[in-house]
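*Asks:* Protein chains in written order, with our numbering: chain A, 4 to 139; chain B, 4 to 139; chain C, 4 to 139; chain D, 4 to 139.
All residues carry an ideal CB built from backbone N, CA and C; glycine is no exception.
1) Helix or strand or just coil, what does DSSP make of residue 6(B)?
2) So who's on the other strand from residue 121(D), going by DSSP bridges?
3) Flag residue 9(A) as yes if its beta-carbon sits less than 8 angstroms from any beta-carbon of chain B, otherwise no.
4) Taking a contact to mean a Cβ-Cβ separation below 8 angstroms, would you say residue 25(D) touches residue 47(C) in this structure?
5) Hey, how far is the Cα of residue 81(B) from the Cα of residue 23(C)?
6) Can you list the alpha helix (DSSP H) stretches of 4 or more residues lying completely in the stretch 12-94 of chain C, in chain order?
7) Are the CB atoms of residue 11(B) and residue 106(B) nearer to each other than 8 angstroms?
8) Looking at residue 125(A) and residue 92(A), is the spacing between their C-beta atoms short of 8 angstroms?
9) If I'm right that residue 71(C) touches residue 79(C) with Cβ under 8 angstroms, what's the distance once you round it to whole angstroms?
10) If distances are taken between C-alpha atoms only, which option among 112(A), 63(A), 115(A), 41(A) comes closest to residue 5(A)?
11) Using CA atoms only, rank isn't needed, just tell me which of 37(C), 21(C), 31(C) is closest to residue 94(C).
12) Buried or exposed, going by whether 16 or more other CB atoms sit within 10 Å of the CB of residue 15(D)?
13) Terminal residues of the continuous alpha helix (DSSP H) containing residue 128(B)?
14) DSSP state of residue 101(C), grouped into three classes?
15) Just to confirm before moving on: does the CB-CB distance between residue 61(C) and residue 35(D) stay below 8 angstroms?
16) Using a Cβ-Cβ cutoff of 7 angstroms, what residues of the stretch 65-83 of chain D are near chain C? List them in chain order.
17) What are the residues of the stretch 31-59 of chain C that lie near chain B, defined by any Cβ-Cβ distance shorter than 8 angstroms?
18) How big is the Cα-Cα spacing for residue 132(A) and residue 54(A)?
19) Among 123(D), 102(D), 103(D), which one has its Cα closest to the Cα of residue 112(D)?
20) Output yes or no for whether 8 angstroms exceeds the beta carbon distance between residue 38(A) and residue 45(A).
21) Using C-beta distances below 8 angstroms, list every residue in its chain close to residue 87(A), excluding the 5 sequence neighbours before and after it, in chain order.
22) For residue 29(B), return the contacting residues in chain C, with the cut-off set at a CB-CB distance below 7 angstroms.
23) Whole angstroms is fine: what's the gap from residue 9(D)'s alpha carbon to residue 115(B)'s?
24) Rounded to the nearest angstrom, what separates residue 97(C) and residue 103(C) at their Cα positions?
25) On the three-state DSSP scale, how would you describe residue 139(D)?
26) Which residues of chain C have a Cβ atom closer than 9 angstroms to the Cβ of residue 140(A), listed in chain order?
27) Exposed or buried, which one is residue 33(C) when buried takes at least 16 other CB atoms within 10 Å?
28) Kindly indicate which three-state DSSP category residue 116(B) falls into: helix, strand or coil?
29) From residue 49(D) to residue 28(A), what distance separates their C-alpha atoms?
30) Considering only the beta carbon of each residue, do residue 73(C) and residue 13(C) sit closer than 8 angstroms?
31) Name, please, each residue of chain D whose Cβ falls closer than 8 angstroms to the Cβ of residue 19(C).
32) Cβ of residue 85(B) less than 8 angstroms from any chain A Cβ?
33) Which bits of chain A does residue 128(B) rub up against, with CB to CB less than 7 angstroms?
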């Protein structure tokens with residue numbers, strides 16, 4: 004559905020010389036935001052238009068299949084695993100060349116309200132937005 | 004079994020004003036390393052003693068139950084969920100006061116070798132190490 | 004004037020085994036925010052009260068005097084170097100035991116307005132706030 | 004001399020909605036490492052070849068001229084300001100379109116030895132390396 008590519012950098016890696024794992028989740032999130040933007044709008048504009056406080060995370064998971072290090076070119080692909088009424092599961096795969104480095108998912112919802120009144124709105128508007136063709 | 008406490012800071016939060024989620028995973032990892040250190044040794048010393056290249060991550064997961072923000076005092080607790088032959092599951096809970104903010108897990112293994120020869124060593128030595136009483 | 008103490012963690016370090024330097028700047032910022040909070044309020048509450056968009060950074064600098072690594076206990080101290088009409092210079096020192104690890108500064112201002120109208124407000128209210136005694 | 008370009012992401016920004024400043028320093032460092040790699044080798048290979056423990060930081064500084072936010076395309080350029088016997092000053096500029104977002108510098112040295120014996124080696128080999136044309 005969509006992918007980002009980046010060179011892994013020295014500072015992304017830990018004393019064992021491989022990617023410090025929370026960075027992979029940072030890149031999941033960054034790829035989600037790049038996916039939003041690929042259809043023409045960023046998170047802030049979309050949330051303002053839909054009356055949301057955020058397209059937030061409900062759950063995340065990742066399995067680390069092989070290590071990656073400084074200088075590796077990492078391609079992260081994302082696709083929708085499942086649309087539910089009030090949540091959507093995004094599936095991620097990260098590869099260096101043909102080698103699978105990790106796979107995982109993010110379960111996201113459209114949040115409205117604040118404090119005690121924080122709740123989930125139906126995800127249909129996000130589905131309609133993402134089913135548009137990429138801009139340019 | 005073990006816990007860390009910290010004040011969440013402005014820079015840990017995103018434009019929605021809540022913790023940017025990969026930071027929680029950074030804190031899972033930091034709590035694991037603090038747990039190691041509570042028994043007297045850090046990761047490098049332990050790995051050198053056991054002939055390991057690292058006590059690396061195989062899988063991670065987290066469910067976000069309620070938001071946390073700048074100034075909140077977050078307590079992260081960790082306990083062992085299950086010792087297997089070549090992996091160990093750590094269970095995490097993060098709370099602000101009594102409120103559950105997130106729970107999750109890390110599946111870790113003891114890695115030996117490099118490249119094609121990268122493999123998993125039995126986790127028994129880590130079990131023996133962590134079952135010691137805390138230092139001081 | 005004020006200080007924070009933390010144990011440096013595995014994930015704060017890079018493949019050379021020492022702190023990845025941007026983390027020190029993250030800790031400068033975190034110590035500034037902890038200083039604010041030590042007088043009873045956080046950044047958001049203070050900015051709302053003073054009509055500011057932020058207590059933002061205008062300039063930063065740091066000199067790295069000796070390395071620090073996983074397990075080191077780092078104490079960061081901050082004091083005011085100079086109050087000017089529309090800026091304030093905070094001076095930082097980081098030590099592991101008696102050993103100086105780094106020193107540096109942040110030049111901050113009180114920002115008002117947006118876009119073309121973004122400007123600097125006098126820092127006197129921040130001075131008055133910080134000259135209060137610590138809460139508790 | 005060399006530049007990198009990236010889209011600023013949601014997670015790079017703080018509750019004020021602008022880039023959390025330590026990320027700029029992370030990108031200075033990343034641009035330095037990309038510059039190394041543009042001549043064919045990464046940090047680890049270069050250090051191994053020259054008998055170094057690292058091309059480490061001695062000093063850093065940055066002035067923040069205008070804010071940048073989620074979705075902005077940031078171009079970071081780096082050039083050498085001055086070669087000295089045992090240090091080199093890199094100058095950075097970050098722009099969004101024509102607008103200057105920040106400028107700054109890194110003072111780096113070639114470190115050899117460990118602990119008490121940590122010292123600086125002449126930077127001439129790095130100068131020779133960087134004066135080669137880019138690979139490809």
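*Replies:* Per the coordinate set shown:
1) DSSP, reduced to helix, strand and coil, places residue 6(B) within a strand of the structure shown.
2) Beta-bridge pairing links residue 121(D) to no other residue.
3) no
4) no
5) Between residue 81(B) and residue 23(C), the C-alpha separation is close to 26 angstroms.
6) The stretch 12-94 of chain C contains these whole alpha helix (DSSP H) runs: 25-41, 46-53.
7) no
8) no
9) 11 angstroms between Cβ atoms; not a contact.
10) 41(A)
11) 31(C)
12) buried
13) Here the alpha helix (DSSP H) through residue 128(B) covers 127-133.
14) coil
15) no
16) For the stretch 65-83 of chain D, which is checked against every Cβ of chain C, the residues closer than 7 angstroms are 65, 66, 67.
17) 32, 33, 36, 37, 40, 45, 46, 47
18) Rounded to whole angstroms, residue 132(A) to residue 54(A) spans 15 angstroms at the Cα level.
19) 123(D)
20) no
21) 126
22) 14
23) Approximately 36 angstroms between the Cα atoms of the pair.
24) 6 angstroms
25) The answer is coil: DSSP assigns residue 139(D) none of H, G, I, E or B.
26) For residue 140(A) there is no data in the structure shown, the boundaries of chain A being 4 and 139.
27) buried
28) Secondary structure at residue 116(B): coil, using DSSP grouped into helix, strand and coil.
29) 30 angstroms
30) yes
31) 56, 57, 59
32) It does not; no Cβ of chain A falls within 8 angstroms.
33) Under the 7 angstroms cutoff, chain A gives no residues; its nearest Cβ is about 18 angstroms from residue 128(B).
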